[in-house]
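Asker: Just so you know, the protein sequences line up as chains A and B, in that order.
Position 180 of the first sequence, counted from 1, bears residue number 180 in UniProt numbering, the numbering being contiguous throughout.
Position 70 of the second sequence, counted from 1, bears residue number 70 in UniProt numbering, the numbering being contiguous throughout.
Structure in structure tokens, see below.
There are 2 protein chains.
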Amino acid sequence: METVGAVEAVPRPGLRERKKQRTRDALVRAALELFATRGWEGTTVDDIVAAVDVSQRTFFRYFASKEEVAFFVPRLAESRVVEALRARPPAEPPLEALRRSVLDSWDEINAAVEQVVPLELHLRVYRVIESTPALFAAHLRRSAELEEELARIIAGREGLDVDADPRPRILVAAFGGVIRVTERLWSAGADLSLAAMRDLMATYLDQVGPALAGDWRTS
Amino acid sequence: METVGAVEAVPRPGLRERKKQRTRDALVRAALELFATRGWEGTTVDDIVAAVDVSQRTFFRYFASKEEVAFFVPRLAESRVVEALRARPPAEPPLEALRRSVLDSWDEINAAVEQVVPLELHLRVYRVIESTPALFAAHLRRSAELEEELARIIAGREGLDVDADPRPRILVAAFGGVIRVTERLWSAGADLSLAAMRDLMATYLDQVGPALAGDWRTS
DNA sequence: AGGCTAATGTCAGCGACTGACAGTTGACAA
DNA sequence: TTGTCAACTGTCAGTCGCTGACATTAGCCT
């Protein structure tokens, strides 16, 4: 729907657009750096805009809230997982599809993140998110929204009605539980490599089924 | 450790204490009423204190935040569930213990709530919580904290280490998923009676096990 | 009755966020 | 190139949640 004859939809962003992109990235980087070093409450919006040398008003034109900029990176990851799940073969069992969606897009996500901020910085910011009640609450809300979307996709695959059959949401809730446990462990300080992290998540996901059934004391 | 010889620990609260109790209750009732009618952002703290005729500073001495007063009622319910779970027979399978804890304390919870505010008012406030992003986030954080506590109790019953074995947290996550699905249905407008609500939750809980395993398309 | 202390009110101030208005700067046609 | 339009930005004033400091009031206890 753009210029006629231009199959390539990205000819060149134009100076204005590039400038905007630069400002946005600068704000994100400055904000995350500050959050990681001074903590959430320890950094004001004025601090952030001072580092980039724009007005406070401009900040709020790019981000609806101070919170939003903190979740810039997680936002990238979420969309990838959703895409990955949509691409899974429909015959695959639900839990397996979820499992593969997360694990297979793992590397791709990390690469995408690295293009905006160093992964190491993101990790430090993530620790701040986990340890700051207000941010953690926002994180959970975002996760809930993601899980809702995943549940709808699963329901679609299985030909079910999400609002009539609770199983898709229950399944995704258990799945989300694993993710959160893993994230927690990650941020808790155990300096796991990304690969080790991935393996741990895989191991935990294998236990989702068995965890719900039967007697744990026998095994 | 009070007055010597007084086995009854609650002789009479004293005027000062009674006055505090009245102020607190008045603030809660005024706040909930306002939230239910004008919505979350539509009511300021000044509105609340004006209705009770105290200073804003007093409000913040009773409640750490505007948010806290909104969760006064849910707070009552949470402690009951924890108590109920601790009281379950240790031989009971984990999921069954959780199930019984919630369902058995159902009536007791409603009675306790009714002593502070009409259940109908709480229901209206709950709808506001579910539909207000900031409040919903806070609700999820509170739920996460509750689930963490439940997971620790379950782990204790089974003789497991919560941080080493992910299964308690996964189980509780799935369980929490059911609770949230039910709450959502409740607040979504389907005017279910409390009894119908309870039955629905029971039905859903029965599906937690089957939901995780196997192929849904056969049944 | 009078002193102690908890409860409350008043005031000033910070930080997140918003609307209104004015100035600046790319984009695009003449 | 120039001029017009629209997008972007800055400034300012103001609201709302929340806090610390300090003065005032009012139960409590001897």
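C-beta atoms are modelled at their ideal positions from N, C-alpha and C, and glycine is treated no differently.
Give the residues from the UniProt domain "HTH tetR-type" (21-81) of chain A that approach chain B closer than 9 Å (Cβ to any Cβ), ordered along the chain.
Answerer: none
Asker: Of all the residues that make up the region 159-176 of chain A, which are near chain B by a beta-carbon distance shorter than 9 Å?
Answerer: GLY159, LEU160, ASP163, ASP165, PRO166, ARG167, PRO168, ARG169, ILE170, LEU171, VAL172, ALA173, ALA174, PHE175, GLY176
Asker: Closer than 7 Å by C-beta to B:SER187: which residues in its own chain qualify, once you throw out the five before and the five after it? Chain order, please.
Answerer: TYR126, ARG127, GLU130
Asker: Quick check on A:GLU96 - is its C-beta less than 7 Å from some C-beta in chain B?
Answerer: no
Asker: Check the Cβ of A:PRO89 against every Cβ in chain B and list those closer than 8 Å, keeping chain order.
Answerer: Chain B residues near A:PRO89: none, gap ~14 Å exceeds 8 Å.
Asker: Our contact map puts B:ALA112 next to B:LEU76 with C-beta atoms below 8 Å; I'd like the distance itself, whole angstroms only.
Answerer: 5 Å between Cβ atoms; contact.
Asker: One question on the structure: do B:VAL162 and B:ALA151 come within less than 7 Å of each other, judged by their Cβ atoms?
Answerer: yes
Asker: Just the C-alpha distance for A:ALA137 and B:ARG61, rounded to the nearest angstrom, thanks.
Answerer: Whole-angstrom Cα-Cα distance: 23 Å.
Asker: With burial defined as no fewer than 16 other Cβ atoms inside 10 Å of the residue's Cβ, what is the status of A:ALA196: buried or exposed?
Answerer: exposed
Asker: Confirm, please, whether the CB-CB distance from B:VAL81 to B:SER105 is below 7 Å.
Answerer: yes
Asker: Output the distance between the C-alpha atoms of A:ALA50 and A:GLN115, rounded to the nearest integer angstrom.
Answerer: 24 Å
Asker: Please decide whether B:ARG141 counts as near chain A, where near means a Cβ-Cβ distance under 7 Å.
Answerer: yes
Asker: Count the other CB atoms, across all protein chains shown, that sit within 10 Å of the CB of A:SER101; report buried if there are 16 or more and exposed otherwise.
Answerer: buried
Asker: I want to verify the contact list: residues of chain A whose CB lies under 9 Å from the CB of B:ALA115, in sequence order.
Answerer: The residue asked about is misnamed: residue 115 of chain B is Gln in this sequence, not Ala. Near B:GLN115 there are no residues of chain A at all, since even the closest Cβ is about 29 Å away, more than 9 Å.
Asker: At a Cβ threshold of 7 Å, is A:ARG127 touching chain B?
Answerer: no
Asker: Name the residues in the region 130-154 of chain B whose C-beta lies less than 7 Å from a C-beta of chain A; which are they?
Answerer: PRO133, PHE136, ALA137, ALA138, LEU140, ARG141, ALA144
Asker: Please name the residue, chosen from B:ARG169, B:LEU119, B:ARG184, that lies closest to B:THR132 on a Cα-to-Cα basis.
Answerer: A check of alpha carbon separations from B:THR132 across B:ARG169, B:LEU119, B:ARG184 identifies B:ARG184 as the nearest.
Asker: Short of 7 Å in beta carbon distance, which residues of its chain neighbour A:GLU149, apart from the five on each side in sequence? Order them along the chain.
Answerer: Here A:GLU149 has VAL82 as same chain residues with Cβ atoms under 7 Å from its own Cβ, once five neighbours each way along the sequence are excluded.
Asker: Is it the case that the Cβ atoms of A:GLN56 and A:VAL45 are separated by a distance below 7 Å?
Answerer: yes
Asker: Taking 7 Å as the CB-CB limit, is A:ALA211 close to chain B?
Answerer: Between A:ALA211 and chain B, the shortest Cβ-Cβ separation is below 7 Å.
Asker: Taking all protein chains shown into account, decide if B:ARG99 is buried (16 or more other Cβ within 10 angstroms of its Cβ) or exposed.
Answerer: buried
Asker: Name, going along the chain, the residues of the region 195-208 of chain B whose beta-carbon falls closer than 8 Å to a beta-carbon of chain A.
Answerer: TYR204, GLN207, VAL208
Asker: Where B:PRO94 and B:GLN207 are concerned, what is the direct C-alpha to C-alpha distance, given to the nearest angstrom?
Answerer: 15 Å
Asker: Quick one, which of B:ARG88, B:THR203, B:ALA202 has its alpha-carbon nearest residue 220 of chain B's?
Answerer: Outside the shown range of chain B (1 to 219) lies residue 220 of chain B, about which nothing can therefore be said.
Asker: Compare the C-beta of A:VAL102 with all C-beta atoms of chain B and state if any pair is closer than 7 Å.
Answerer: no
Asker: What residue range is occupied by the uninterrupted alpha helix (DSSP H) comprising A:TRP40?
Answerer: Here A:TRP40 belongs to no alpha helix (DSSP H), and DSSP marks it neither H nor E.
Asker: State the CB to CB distance for the pair A:LEU121 and A:LEU32, rounded to an integer number of angstroms; the pair is presumed to be in contact (CB under 8 Å).
Answerer: Confirmed, about 6 Å.
Asker: With C-beta atoms as the reference, is B:PHE173 less than 7 Å away from A:ALA174?
Answerer: Per the sequence presented here, residue 173 of chain B reads as Ala, with Phe not at that position. Yes, the pair counts as a contact, with Cβ atoms nearer than the cut-off.
Asker: Just the Cα atoms here: how many angstroms apart are B:ARG18 and B:PHE59?
Answerer: Straight across, the Cα-Cα distance linking B:ARG18 with B:PHE59 is about 17 Å.
Asker: Verify whether the separation of the beta carbon atoms of A:LEU140 and B:LEU140 is less than 7 Å.
Answerer: yes
Asker: Throw me the rounded Cβ distance for the A:TYR204 and B:PRO166 pair, which I believe falls under 8 Å.
Answerer: Contact annotation, A:TYR204 with B:PRO166: C-beta distance approximately 5 Å; criterion of less than 8 Å satisfied.
Asker: For A:ALA164, which three-state DSSP category applies?
Answerer: DSSP places A:ALA164 in coil when its eight states are reduced to three.
Asker: Going along the chain, which unbroken runs of the alpha helix (DSSP H) with 4 or more residues stay wholly within the region 66-120 of chain B?
Answerer: 66-70, 72-86, 94-114
Asker: Assuming A:PHE72 contacts A:VAL28 under a Cβ cut-off of 8 Å, what Cβ separation, rounded to an integer in Å, is found between them?
Answerer: 5 Å
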